[in-house]
Amino acid sequence: MAILEEPIKGIVEVKNYIDGEWVGSKGEIQDVVNPVNGKVIAKVPSSTKEEIDAAVEAGKAAFPDWRRTPPVARARCLFRLKELLEANFEELSRVQTQEHGKTIDESRGETRRGIENVEVACGIPTLMQGYNSEDIASGIDEYLIPTPLGVFGIIGPFNFPFMIPLWSAPYAVATGNCIVIKPSSEVPLSQMKIAELVDEAGFPPGVWNVVNGGRTVVNGMLDHPDIEGITFVGSTPTAKNVIYPRCGATGKRVIAQGGASNFMVIMPDCNLRATIPALMTSFFGNAGQRCLAGQNAIVVGDDDHFYKDFINGVVDTARRMIIGNGLDEEVQMGPVRDAEKKKKILSYISSGTKEGARIILDGRSDFRIKGDYPDTCFLGPTIMEYVKPEMKIVTEEIFGPTMGIIRVKTLDEAIRICDDNPFHNADAIFTSSGRTAREFKYRIKSGNVGINVGIVAPMAFFPFSGMRDSFFGILHTQGKEAIRFFTESKVVIERWP
Amino acid sequence: MRLNTSASVISFAKQLEADSAAFYEKMAERYPKAAELFLDFSKGNKKYTTMIERAYYGVITDAIEGCFAFGVETDKYTFEREPAKGPGYADVLNQAIDMEQKLISFYTDAAEQSEAFMADVPRTFLIVARKRKDRKDKLGTLLRET
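Quick note, the sequences are listed as chains G and P, same order. Just so you know, we're using our numbering here: the first sequence kicks off at 1 and counts up by one. Just so you know, we're using our numbering here: the second sequence kicks off at 498 and counts up by one.
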């Protein structure tokens, strides 16, 4: 199998997209590096406060006309965008691999997931309908009309540069709002490509803006009086201590999605042949940089024979994984995003061993990179046994290709461990018993629950849920909840004497 | 070579379809009396490629096991891209039947491996396998009539 062609040639100068124009920034410029080979593929600005203000101003100016644009006409813009995204599907996917490092299967999956959100938002003429009651009192009628609010800020993370802003953006504009997207400055190219297609799709200037940068842009959004709300996906400390309270302080709506430390509960009656590939995807897919990734497996029961089969299965499969350039179609795991993230993951592995975990597959050294690439950002899968719920590798988010294994006697113990963890993003159970599955589903306090599914990624027409330290807010991104988030319920009571 | 990822298996399937299409185009040139049938086979291969691509690009998401769904040993399914030179019509038909059998095995095996993981992809593979079984039967009839 050949290595697919890189879509980004040379070094791209990333600009901001404000009021329908590509504009340079006066801010400092930083490199965007392909984690596979360390090559600089783009230069991205850290935009200034004036630049974020200009984008908000453009959105504010565009809002009255866009709001008056009939939903069917707004939907047509989204239909055109969907067609353009499909036409550019492969290029968009390869850009993600090049800027992030994920495998081409993962990038294509991300592209599909992103497009699905645009597809759902195309249904806005019906999704946005209100409701009414005739004769709430004699001769008096009452209506609920969902109305857009103005300008929203969308702050994206590094791990899904294409898809995650699309959990919010299509719904925001479909409902008649205008948006300012701030992509992660580590991976700005996917949102730049989307904005090019937005431009081609004929969205009016100012409806969809992209401002690159870091803290200055985020602060500019949080403090701006004309931003009505923020959607954020990133770490829990930022979601909990920065985004959520500051949105509260400035009266903004907020969806703040944080980190996770997810559990995969393995029952002895599970089908191991189906479970092991699901676990490989869950723990090591996207090099573990996913808020839905499994971080620890809880193996239930005292059947030593099953436990041994499980351990042998996961270790053998993980050891055989092909690691390398995500554009090589044979590769099953790419690098982590950068050397700093690798260092952090390594420190968690060390912490695990210091606290008593035993490494049975050492991703620090026991792996081989396919192809001639520096190991700067590469890690192999690490599997650790004898993990205890109080260890840092359980209570904190690692965000890397590691699997901790906790052994317990009963499902009750497993559920207790899940519940005692501060995060509650996505937990799953693997079993062939419907009764056990129901018990787990009913009792587990997790936003996204999997039954024999390792990555519990809700479809675009379901909310992307999350609880406790994984989510701050009330409504979630995607689907009907996003429609509610991006609209205010205007209630009209009408009498004609 | 062993292929584990969906991307590599889909590319391999596309390559097999392209090679098999080229094979039938050569057959059509060499045996004009059955050219229409062979060209029809070649055209069918392009349709199968589209079906496979649509299934893959339609379902590939992070919720399915895209990088761990397969264990395809490619050596089992490769075949000569050109009809053998020299031997008679019957020998070349037998070569085509062998090729179709390899393709049926490939699609059946790949569907079985990915059944729990890849949603529409294994279903599409089985449809293509069934179509190829029909084609193999047609080639068998042609061989008996020779």
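Glycine included, every Cβ here is placed at the ideal spot set by N, Cα and C.
Item to check | Which residues DSSP lists as bridging Arg468 of chain G, in chain order | outcome: As a position in the first sequence, residue 468 of chain G is number 468, starting the count at 1. DSSP, once it has assigned bridges, lists G:Phe423 as partnering Arg468 of chain G.
Next on the checklist: Less than 8 Å between the beta carbons of Ile345 of chain G and Thr281 of chain G, yes or no?
Outcome noted: Within the first sequence, numbered from 1, the residue matching residue 345 of chain G stands at position 345. Within the first sequence, numbered from 1, the residue matching residue 281 of chain G stands at position 281. Their beta carbons are not under 8 Å apart, which means Ile345 of chain G does not touch Thr281 of chain G by this criterion.
Checklist entry - Under 8 Å between the Cβ atoms of Met163 of chain G and Glu86 of chain G? => result As a position in the first sequence, residue 163 of chain G is number 163, starting the count at 1. As a position in the first sequence, residue 86 of chain G is number 86, starting the count at 1. No, Cβ-Cβ distance for Met163 of chain G and Glu86 of chain G is not below 8 Å.
Item to check | The alpha helix (DSSP H) enclosing Gln96 of chain G, as first and last residue numbers | outcome: The sequence position of residue 96 of chain G within the first sequence is 96, counting from 1. Segment Phe89 to His100, the alpha helix (DSSP H) holding Gln96 of chain G.
Checklist entry - Name the DSSP bridge partner or partners of Tyr582 of chain P? => result Mapped onto the second sequence, residue 582 of chain P falls at position 85. Looking at the sequence shown, residue 582 of chain P is not Tyr but Lys. In DSSP, Lys582 of chain P forms no bridge with anything.
Checklist entry - In the segment 63-143 of chain G, which residue ranges form an unbroken beta strand (DSSP E) of at least 3 residues, counting only runs that do not cross its ends? => result 131-137
Checklist entry - Counting along the chain, where does the beta strand (DSSP E) carrying Pro45 of chain G start and finish? => result As a working mapping, residue 45 of chain G is identified with position 45 in the first sequence. Where Pro45 of chain G is concerned, the enclosing beta strand (DSSP E) stretches over Val40 to Pro45.
Checklist entry - Is the beta carbon of Ile539 of chain G less than 8 Å from the beta carbon of Val299 of chain G? => result Outside the modelled stretch of chain G, which goes from 1 to 497, sits residue 539 of chain G, for which no answer is possible.
Checklist entry - Roughly how many angstroms separate the alpha carbons of Ala510 of chain P and Asp631 of chain P, rounded to a whole number? => result As a first step, residue 510 of chain P must be located in the second sequence, where it is residue number 13. As a first step, residue 631 of chain P must be located in the second sequence, where it is residue number 134. Cα to Cα, Ala510 of chain P sits roughly 19 Å from Asp631 of chain P.
Item to check | Touch test, the segment 9-19 of chain G against the segment 202-218 of chain G, Cβ-Cβ under 8 Å, three pairs minimum | outcome: yes
Next on the checklist: Given a cut-off of 8 Å on the beta-carbon distance, is the pair Gln598 of chain P and Ala566 of chain P in contact?
Outcome noted: Your numbering for residue 598 of chain P matches position 101 in the second sequence. Your numbering for residue 566 of chain P matches position 69 in the second sequence. No, Cβ-Cβ distance for Gln598 of chain P and Ala566 of chain P is not below 8 Å.
Checklist entry - Assuming Thr216 of chain G and Lys49 of chain G make a contact with CB atoms under 8 Å, what is their CB distance in whole Å? => result For this step, residue 216 of chain G is matched to residue 216 along the first sequence. For this step, residue 49 of chain G is matched to residue 49 along the first sequence. Indeed they touch by this definition, with Cβ atoms about 6 Å apart.
Checklist entry - Between Asn262 of chain G and Glu6 of chain G, what straight-line distance do the alpha-carbon atoms span, to the nearest angstrom? => result Residue mapping note: residue 262 of chain G aligns to position 262 of the first sequence, counting from 1. Residue mapping note: residue 6 of chain G aligns to position 6 of the first sequence, counting from 1. Each residue's Cα considered, the two are about 34 Å apart.
Checklist entry - Just checking my contact of Gly176 of chain G with Arg74 of chain G at CB under 8 Å: how many whole Å lie between their CB atoms? => result Counting from one through the first sequence, the residue named residue 176 of chain G turns up at place 176. Counting from one through the first sequence, the residue named residue 74 of chain G turns up at place 74. So it is a contact: roughly 7 Å between Cβ atoms.
Checklist entry - Going by Cα to Cα distance, which pick from G:Asp141, G:Gly38 and G:Trp167 is closest to Ala460 of chain G? => result Taking the first residue of the first sequence as 1, we reach residue 460 of chain G at position 460. Nearest of G:Asp141, G:Gly38 and G:Trp167 to Ala460 of chain G, Cα basis: G:Trp167.
Item to check | Test item: CB-CB of Glu612 of chain P and Pro277 of chain G under 8 Å | outcome: Along the second sequence, one-based indexing puts residue 612 of chain P at 115. Along the first sequence, one-based indexing puts residue 277 of chain G at 277. Going by C-beta atoms, Glu612 of chain P is not nearer than 8 Å to Pro277 of chain G.
Checklist entry - Just to confirm, are Ala357 of chain G and Met391 of chain G a CB contact at a threshold of 8 Å? => result The residue given as residue 357 of chain G occupies position 357 in the first sequence. The residue given as residue 391 of chain G occupies position 391 in the first sequence. Cβ distance < 8 Å, so Ala357 of chain G and Met391 of chain G count as in contact.
Checklist entry - Whose C-alpha, out of P:Asp516, P:Glu533, P:Ala518 and P:Asn542, is nearest the C-alpha of Ile624 of chain P? => result Looking up residue 624 of chain P in the second sequence gives position 127. Among P:Asp516, P:Glu533, P:Ala518 and P:Asn542, the Cα nearest to that of Ile624 of chain P belongs to P:Asn542.
Item to check | Where the alpha helix (DSSP H) through Ala223 of chain G begins and ends | outcome: In the first sequence, the residue the question calls residue 223 of chain G occupies position 223. Looking at the sequence itself, residue 223 of chain G is Asp, so the reference to Ala does not match. Here the alpha helix (DSSP H) through Asp223 of chain G covers Arg215 to Asp223.
Checklist entry - Can the beta-carbon of Trp232 of chain G be found less than 8 Å from the beta-carbon of Ala256 of chain G? => result For this step, residue 232 of chain G is matched to residue 232 along the first sequence. For this step, residue 256 of chain G is matched to residue 256 along the first sequence. The sequence shown places Phe at residue 232 of chain G, not Trp. Yes. Within cutoff.
Checklist entry - Are Gly569 of chain P and Ala607 of chain P close, meaning C-beta to C-beta below 8 Å? => result On the second sequence, position 72 is the one that residue 569 of chain P refers to. On the second sequence, position 110 is the one that residue 607 of chain P refers to. It should be pointed out that residue 569 of chain P corresponds to Val in this sequence rather than to Gly. Against a cut-off of 8 Å, the Cβ pair of Ala607 of chain P and Val569 of chain P comes out as a contact.
Item to check | 7 Å Cβ cut-off: residues of chain G touching Leu513 of chain P | outcome: As a position in the second sequence, residue 513 of chain P is number 16, starting the count at 1. Simply none; closest approach about 13 Å.
Next on the checklist: Strictly below 7 Å CB to CB, what residues from chain P border Gly109 of chain G?
Outcome noted: Position 109 of the first sequence, counted from the start, is the residue given in the question as residue 109 of chain G. Within chain P, the residues near Gly109 of chain G are Ile557, Thr558, Asp559 and Gly563.
Next on the checklist: Distance cutoff 8 Å, beta carbons only. Does Gly285 of chain G sit that close to anything in chain P?
Outcome noted: Counting from one through the first sequence, the residue named residue 285 of chain G turns up at place 285. Closer than 8 Å: yes.
Checklist entry - What are the start and end residues of the beta strand (DSSP E) that includes Thr436 of chain G? => result Translated into positions along the first sequence, residue 436 of chain G becomes position 436. Premise fails: Thr436 of chain G lies in the alpha helix (DSSP H), Gly434 to Arg443, not in any beta strand (DSSP E).
Checklist entry - How is the alpha helix (DSSP H) around Ala249 of chain G delimited, first residue to last? => result The residue given as residue 249 of chain G occupies position 249 in the first sequence. Tyr244 to Ala249 is the span of the alpha helix (DSSP H), which, as asked, contains Ala249 of chain G.
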